[in-house]
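Enquirer: Here this note's numbering is used: the first residue of the sequence shown is 422, the next is one more, and so on. Positions of the beta carbon are idealized from the N, C-alpha and C atoms, including for glycine. For reference, the structure I am asking about is given below.
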Amino acid sequence: EAIFMEPRPQRKTKSVDALKRCEHDPHVLLAVSKLFWCERKLQKCREWFNRTVKIEPDLGDAWAYFYKFELLNGTEEQQEDVKKRCIAAEPHHGEQWCKVSKNIKNWRLVTEAIFMEPRPQRKTKSVDALKRCEHDPHVLLAVSKLFWCERKLQKCREWFNRTVKIEPDLGDAWAYFYKFELLNGTEEQQEDVKKRCIAAEPHHGE
Numbered sequence: 422e423a424i425f426m427e428p429r430p431q432r433k434t435k436s437v438d439a440l441k442r443c444e445h446d447p448h449v450l451l452a453v454s455k456l457f458w459c460e461r462k463l464q465k466c467r468e469w470f471n472r473t474v475k476i477e478p479d480l481g482d483a484w485a486y487f488y489k490f491e492l493l494n495g496t497e498e499q500q501e502d503v504k505k506r507c508i509a510a511e512p513h514h515g516e517q518w519c520k521v522s523k524n525i526k527n528w529r530l531v532t533e534a535i536f537m538e539p540r541p542q543r544k545t546k547s548v549d550a551l552k553r554c555e556h557d558p559h560v561l562l563a564v565s566k567l568f569w570c571e572r573k574l575q576k577c578r579e580w581f582n583r584t585v586k587i588e589p590d591l592g593d594a595w596a597y598f599y600k601f602e603l604l605n606g607t608e609e610q611q612e613d614v615k616k617r618c619i620a621a622e623p624h625h626g627e
C-alpha cells in the first residue's frame, strides 16, 4: 500500500525498495504489477502478474486483478488462458477474488453441464468436475442435487453439509438444503438447517 501512497514520480523508487526487501512476497509483486498497469506498460504488467501467480497461485486477489487486466487489455485468447489457469489453481484468498469470481459470466458452466448430460452419464460428468474443482461450492452443490435426483438421501445430506461448510455465504446451497430437508428430513433436521442458515446470513445466490 505504501507504494501507491507515494506521489506518482516516487512510486517506482518505492517499488524497487520493496522488491529488494521482499523479492518473493506475492503481495509486493502484485503491487508492482498494478504499478505497471497504472503506467500503461501492459507487457511489463502481464509479465509481473504471471510472476505473482506463479509464486503464489492461491492468492485470489492476484488472479482477480490479472483477469480484470486481461478483460480490459488482452485478447479473447489471453482472457481465456488466465481464466483456465485460475480455475486450475483454485485460489481461495483475497477480497477482490470474492468480488470477481462471483460476477464472471459462465464461470460455473461446468456445474450446469452436469445436468445437461443424460442421466446415465451424469455421475461421470460430476466426477470429472470434482477432479477439476474439488473445493468449488457450486460443483459440490451440483453433486448434492445429483444425489437428490437419484434418491440417495443420506449422500445428498452429506454433500449439502460439505457445500455450506466450504461456502456458508452461498444462499442457493442453503435454499436447496432446506428444501431437501422439508421434503425428506425430520422436524429436527429441518430446524437444524434453518438455524444454521440464519446464523450464516448468506447473501449470494439466485
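If we ignore side chains and look at the alpha-carbon of each, how far apart do W580 and Q610 end up?
Expert: Within the sequence shown, residue 580 is the residue found at index 159, counting from 1. Within the sequence shown, residue 610 is the residue found at index 189, counting from 1. C-alpha separation (whole angstroms): 15 Å.
Enquirer: What span of residues does the alpha helix (DSSP H) with H559 cover, start to end?
Expert: Residue 559 sits at position 138 when you count from the first residue of the sequence shown. 558-570 is the extent of the alpha helix (DSSP H) around H559.
Enquirer: When you compare only the Cα positions, how much space is there between D502 and L604?
Expert: Working through the sequence shown from its first residue, we reach residue 502 at position 81. Working through the sequence shown from its first residue, we reach residue 604 at position 183. C-alpha separation (whole angstroms): 43 Å.
Enquirer: Can you tell me whether K505 is buried or exposed? The criterion is at least 16 other CB atoms within 10 Å of its CB, across all chains shown.
Expert: Numbered from its first residue, the sequence shown carries residue 505 at position 84. Answer is exposed; the Cβ neighbour count stays below 16.
Enquirer: Residues in its own chain within less than 6 Å of A510 by CB, not counting five upstream and five downstream?
Expert: Position 89 of the sequence shown, counted from the first residue, corresponds to residue 510. P478.
Enquirer: Return yes when the Cβ of F490 is within less than 8 Å of the Cβ of C459, no when it is not.
Expert: Numbered from 1 along the sequence shown, position 38 holds the residue referred to as residue 459. Numbered from 1 along the sequence shown, position 69 holds the residue referred to as residue 490. Going by C-beta atoms, C459 is not nearer than 8 Å to F490.
Enquirer: Below 8 Å between beta carbons: does that hold for L562 and P512?
Expert: Here residue 562 is taken as the residue at index 141 of the sequence shown, counted from 1. Here residue 512 is taken as the residue at index 91 of the sequence shown, counted from 1. Taking 8 Å as the Cβ cut-off, L562 and P512 do not qualify as a contacting pair.
Enquirer: If we call anything under 8 Å between Cβ atoms a contact, is L451 one with Y486?
Expert: Here residue 451 refers to the residue found at position 30 when the sequence shown is read from its first residue. Here residue 486 refers to the residue found at position 65 when the sequence shown is read from its first residue. Yes, these two residues count as a Cβ contact at 8 Å.
Enquirer: Quick one: give me the first and last residue of the alpha helix (DSSP H) that K573 is part of.
Expert: In the sequence shown, counting from the first residue as 1, residue 573 sits at position 152. Where K573 is concerned, there is no enclosing alpha helix (DSSP H), given that its DSSP letter is neither H nor E.
Enquirer: Would you call the CB atoms of E559 and D590 closer than 8 Å?
Expert: For the purposes of this step, residue 559 is taken as the residue at position 138 of the sequence shown. For the purposes of this step, residue 590 is taken as the residue at position 169 of the sequence shown. Checking the sequence, you will find His at residue 559 rather than Glu. In this structure, D590 does not lie closer than 8 Å to H559 by Cβ.
Enquirer: To the nearest angstrom, how far is the alpha carbon of A621 from that of E612?
Expert: Within the sequence shown, residue 621 is the residue found at index 200, counting from 1. Within the sequence shown, residue 612 is the residue found at index 191, counting from 1. Approximately 14 Å between the Cα atoms of the pair.
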